[in-house]
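Numbering-wise, the UniProt record's numbering puts 105 at position 105 of the sequence shown, and it's gapless, one number per residue.
This report refers to the structure that appears directly beneath it.
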Amino acid sequence: MRIQPVLFAVFGLLLVVGSILFSQGMFSQQNSEATQLEADTVKLIAAAVDIPFGSEITRDKLWTQEWPAGSVPEGAYEDLTALLGAEGTAPRRAKQAFSQGDLILSDKVTFFGASVTISTALKDVTRAMAIKVSAETAVGGFVSPGDRVDVVLTQGRGETLRTGTILQDIRVLGIDQNADESSRGAREARTITVEVTPRGGQVLALSQQAGILSLTLRNDASNSAEVQLEQITMQDVWGEATPAPLPMVLEPEERTVRVRRGVDRQDVVLE
Numbered sequence: 001m002r003i004q005p006v007l008f009a010v011f012g013l014l015l016v017v018g019s020i021l022f023s024q025g026m027f028s029q030q031n032s033e034a035t036q037l038e039a040d041t042v043k044l045i046a047a048a049v050d051i052p053f054g055s056e057i058t059r060d061k062l063w064t065q066e067w068p069a070g071s072v073p074e075g076a077y078e079d080l081t082a083l084l085g086a087e088g089t090a091p092r093r094a095k096q097a098f099s100q101g102d103l104i105l106s107d108k109v110t111f112f113g114a115s116v117t118i119s120t121a122l123k124d125v126t127r128a129m130a131i132k133v134s135a136e137t138a139v140g141g142f143v144s145p146g147d148r149v150d151v152v153l154t155q156g157r158g159e160t161l162r163t164g165t166i167l168q169d170i171r172v173l174g175i176d177q178n179a180d181e182s183s184r185g186a187r188e189a190r191t192i193t194v195e196v197t198p199r200g201g202q203v204l205a206l207s208q209q210a211g212i213l214s215l216t217l218r219n220d221a222s223n224s225a226e227v228q229l230e231q232i233t234m235q236d237v238w239g240e241a242t243p244a245p246l247p248m249v250l251e252p253e254e255r256t257v258r259v260r261r262g263v264d265r266q267d268v269v270l271e
């Protein structure tokens, strides 16, 4: 019996067994990774359709999204019952507009059966305050509910005219009597309601009596901290004034007269 065919057969059998074991190992690893991935995600409740400001939050407007377990936003809902309540419970309402795909967060919906008012949009430590504006002082009318703005005070006249930012990164709650954040487009407003701290409300009340308030619109995505801004005056706008040159003072020339007396000579200075 020749040994070579036997060796080839054994070698082939080892290859087949090795391939089977390798495939089983890869399959087990993939299953393990998939199981781990599923364990590292959670299902959160999101808007399946656009939900306008003030609308009821109902089951037909919702779906679930997979989110990494380590980055669940504060106030997100995992349980439909926690959001919708038991059968027959009065529905919650949207305190701000939701776009399709937005997560439903607890601070953006009302309590069960509550109506939507400006007060429901406030945080526990904030207040709502209205300020008078015009198209010129409110970014040409392009400020909408939900935008964030800075407030600038201008006061004085002539050489005493000065301006400075008194409040930064405050939320606009409403334009006149409209608090719907989904309403966009330019409009000529007479009052704008903003969300401020109690201290900020005092600053606004005093500033409205002291001069003209203007709004500067911030970037929606801006999360920058407050920047310390100094007041500026017209001197800062035009720069330092260059003093006029002093007139040149010429020393008077001395006029002298030479007097001869015999052999003597004398120079006399004339006044």
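Here a beta-carbon is modelled for each residue, glycine too, at the ideal position from N, C-alpha and C.
The C-alpha of Ala82 is placed about 51 Å away from the C-alpha of Gln155. Rounded to the nearest whole angstrom, the CA to CA distance from Glu136 to Pro52 is 29 Å. A straight line joining the alpha-carbon of Ala76 with that of Val42 spans about 11 Å.
Shown here for Ile232: same chain residues with a beta carbon closer than 8 Å to its own, the five before and five after excluded, namely Arg162, Thr163 and Gly164 in chain order.
In this chain, Ser71 is not harboured by any beta strand (DSSP E), its DSSP state being neither H nor E.
For a cut-off of 8 Å, the C-beta gap from Ile166 to Ser207 is around 6 Å, short enough to register as a contact. Look at the UniProt domain "SAF" (42-110) and you find these whole runs of beta strand (DSSP E), each 3 residues long or longer: 62-68. Residue environment for Gln168: buried (at least 16 other C-beta atoms within 10 angstroms of its C-beta). Membership of Arg190 in any alpha helix (DSSP H) is not indicated, and neither H nor E is assigned to it by DSSP.
Its chain contains Leu103 and Leu105 as the residues whose beta carbon lies nearer than 7 Å to that of Pro73, once the 5 sequence neighbours on both sides are disregarded; these appear in chain order. In this structure Phe98 is buried. Its beta-carbon is surrounded by 16 or more other beta-carbon atoms within 10 angstroms.
If you draw a straight line from the Cα of Leu153 to the Cα of Gly146, it comes to about 22 Å.
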